[in-house]
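Inspection log for the structure reproduced underneath, given as structure tokens.
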Amino acid sequence: MSTKDFVEKDYYKVLGVPKDATDAEIKKAYRKLARENHPDANKNDTSAEARFKEISEANDVLGDPKKRKEYDDARALFGNGGFRAGGPGGGNFNFDLGDLFGGAQGPGGTAGAGGFGGGLGDVFGGLFNRGAGGGAGTRTQPRRGQDIESEVTLSFTEAVDGATVPLRMSSQAPCKACSGTGDKNGTPRVCPTCVGTGQVSRGGSGSFSLTDPCVDCKGRGLIAETPCEVCKGSGRAKSSRTMQVRIPAGVSDGQRIRLRGKGTPGERGGPSGDLYVVVHVDAHPVFGRKDDNLTVTVPVTFVEAALGGEIKVPTLGGPAVTLKLPAGTPNGRTMRARGKGAVRKDGTRGDLLVTVEVAVPQELDDKAREALETYREATAGEDPRAELFQAAKGA
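Position one of the sequence shown corresponds to residue 11 (our numbering), numbered consecutively onward.
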């Protein structure tokens, strides 16, 4: 659909709603008309099929608040039937909107007879997608740099506390030999296929078209008359650089960090891409991690577990903490040392989760063995497995 058709079609009339209709009224009208004119309900009726497409087209514009506003603004500016100006004797004459949006360029990118150097497409921004030969004139558009990805391996402590690490990266950057123009003489010409936009349009649904990168200039909008020998006309060359990257505290193994604007530099004033860093964390011989908490397993003696007492527990990069072990502590019980874990995003710390493991001595001297024999005699009437067998029989 041409720009002229878009402006002149009255979508409110197609749906049978007033221009100040609410979103709910537009939705209701569309559903009613769509049911009545749906091809499944009107077999072999070409007029109903055409009507259904027209209704869908109207809803595609009016059902989207942004598109509806742009549509209303365009119709308010141009009215119905084109842009009118007073002619000789008080008469009116019409400019064809297709000329205004698509053909206002004269030779060499200068304004044509209409006097509008860039075409009126620039007035509406993203309302109309312009393809080859249309629209925004020969001005090349800024082009965003590509995103790049790198990896870094941290120690367990660095991941918990954060670290600044050097990263050496290879990426594409503006070619220094041709200053990023791609042309040996620094004078590339505007791509005639996309008219410098770097994009070409293809048919889409409703009133809008879809755009793809131009294959002739590979999305640059420029074509080198004499290709640069270094970059072969691409305007980009391989570049290596080393940067210091701050890895925030509390990162976990496999986490992907995004650093805005640290990727490949853009072209023609476009923004740089982003850098994505995948973090790998080495294991620690003592500590583990669970979300924002650190974990550690601490061995205790049978006497400590049975009678209770105080035990010292190591922390990561700090002084040991003392925890009170209650009498009768079972093997595998987990206690918590608050604020001794990994750093959270808000700057606070998680906890250290301490799991008790009763250590069984591998060798006993005569005195220790005699003491244990005495203990066994004193507790001979106790059977810790009695409830287990009782429960098994009940099941």
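The beta carbon of each residue, even a glycine, is placed where N, CA and C say it ideally should be.
Looking at Val210, Lys403, Asn69, the one whose alpha-carbon comes closest to that of Asp226 is Val210. In this chain, Gly404 is not harboured by any beta strand (DSSP E); it is covered by the alpha helix (DSSP H) spanning 396–404. Ser160 has Val287 as its beta-bridge partners, per DSSP. The residue among Cys201, Pro394, Ile158 with its C-alpha nearest the C-alpha of Val287 is Ile158.
Beta-bridge annotation (DSSP): Asn303 is paired with Lys300. Thr384 is not a Cβ neighbour of Leu363, given a cutoff of 8 angstroms.
Per the C-alpha coordinates, the member of Pro329, Gly245, Ile257 positioned closest to Leu177 is Ile257. In the displayed model, Val368 falls within a strand according to three-state DSSP. Comparing C-alpha distances from Ala337 to each of Thr311, Leu382, Gly360, Lys23 shows the shortest one belongs to Thr311. Secondary structure note for Asp222: its beta strand (DSSP E) is the uninterrupted segment 220–223. The alpha-carbon separation between Ala84 and Asp20 amounts to approximately 12 angstroms. Judged by DSSP secondary structure, Leu72 falls within the alpha helix (DSSP H) whose first and last residues are 56–72. With respect to the 8 angstroms criterion, Val353 and Ala315 are not classified as neighbours on the basis of their beta carbons. The residue among Gly271, Lys228, Ser66, Asp30 with its C-alpha nearest the C-alpha of Gly192 is Lys228. If the five residues before and after Val24 are omitted, its C-beta is found closer than 7 angstroms to the C-beta atoms of Glu64, Ile65, Ala68, all from its own chain and listed in chain order. Minimum Cα-Cα distance from Glu235 among the listed residues Leu220, Pro28, Thr197, Val261 corresponds to Thr197. In the structure shown, Pro258 falls within a coil segment according to DSSP collapsed to helix, strand and coil. Straight through space, the alpha carbons of Gly280 and Pro28 are spaced by roughly 43 angstroms. Restricting attention to alpha helix (DSSP H) runs no shorter than 4 residues, the stretch 319–393 encloses them at 376–388, ordered along the chain.
Non-local C-beta neighbours of Leu317 in its own chain, meaning closer than 6 angstroms and more than five positions away in sequence, comprise Ala337, ordered along the chain. Bounds of any alpha helix (DSSP H) do not take in Arg153, whose DSSP letter is neither H nor E. Boundaries for Val210: no alpha helix (DSSP H) harbours it, while the beta strand (DSSP E) harbouring it runs 209–212, taken from the DSSP string. In terms of CA proximity to Lys79, Tyr22 leads the group Thr389, Ala60, Tyr22.
In the three-state reduction of the DSSP assignment, Lys77 falls in the helix class.
Contact between Gln156 and Gly273 is confirmed by a C-beta separation of about 6 angstroms, below the 8 angstroms threshold.
In the three-state DSSP reduction, Arg41 falls in the helix class (H, G or I). The beta carbons of Leu326 and Val170 sit about 6 angstroms from each other, so the pair counts as a contact at 8 angstroms. Here Arg270 carries a coil assignment [DSSP, helix/strand/coil]. Within the DSSP bridge table, the entry for Lys23 names no partner. Judged by DSSP in its simplified three-state form, Pro49 adopts helix. For a cut-off of 8 angstroms, the C-beta gap from Lys186 to Ala247 is around 7 angstroms, short enough to register as a contact.
Counted as a single uninterrupted DSSP element, the stretch harbouring Asp226 is not any alpha helix (DSSP H), since DSSP gives it neither H nor E. DSSP links Ala247 through a beta bridge to Ala183. With fewer than 16 other Cβ atoms inside 10 Å of its own Cβ, Leu382 counts as exposed.
Listed as beta-bridge partners of Pro237 by DSSP are Asp193.
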